[in-house]
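Take the sequence shown: its position 103, counted from the start at 1, is 103 in full-length UniProt numbering, and no numbers get skipped.
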Amino acid sequence: MDPTLLLWKSEGQSFFQRFGTWFNHLLDPTLLLFSDAEIQKAHDALLEQNVKEKDKSAVILLLSSVHADSGAVLPLHLRPPAFFPASVFPVLGSLVHHNGVGPALFWQ
């Protein structure tokens, strides 16, 4: 069974637990420093053995860097620590009250 699925089954039982995992661990910018080879090595190591508490950092790395369905490593600009900060400003801009069509279209 996939190690990330085991983590969500054991720890992510409620919305608040998953929300806390996202904002406390998965959006850590240091996760962007790992290379694709290191991520693949961690994925292969976790597939061979059961997930233990000591492997928590490897599981967090996989949750933020590996596609859940295909198991492929995500490109750097699509990983959550890189994508979330880039998407905050357009989302906030679209929530602001607009006085006309031009400013509304700018944020879209």
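Backbone N, C-alpha and C fix where the C-beta goes; we use that ideal spot for every residue, glycine too. Since this is a predicted model, take the numbers as computed values, not measurements.
query	result
Three-way DSSP call (helix, strand, coil) for residue 101 in this model	helix
Length at least 4, wholly inside the stretch 53 to 89: the alpha helix (DSSP H) runs in chain order	56 to 65
Exposed unless 16 or more other CB atoms sit within 10 angstroms - verdict on residue 78	exposed
Spatially closest choice to residue 34 from 74, 15, 47, by CA coordinates	74
Cβ shell of residue 58 (< 6 Å), same chain only, five flanking positions each side left out	42, 46
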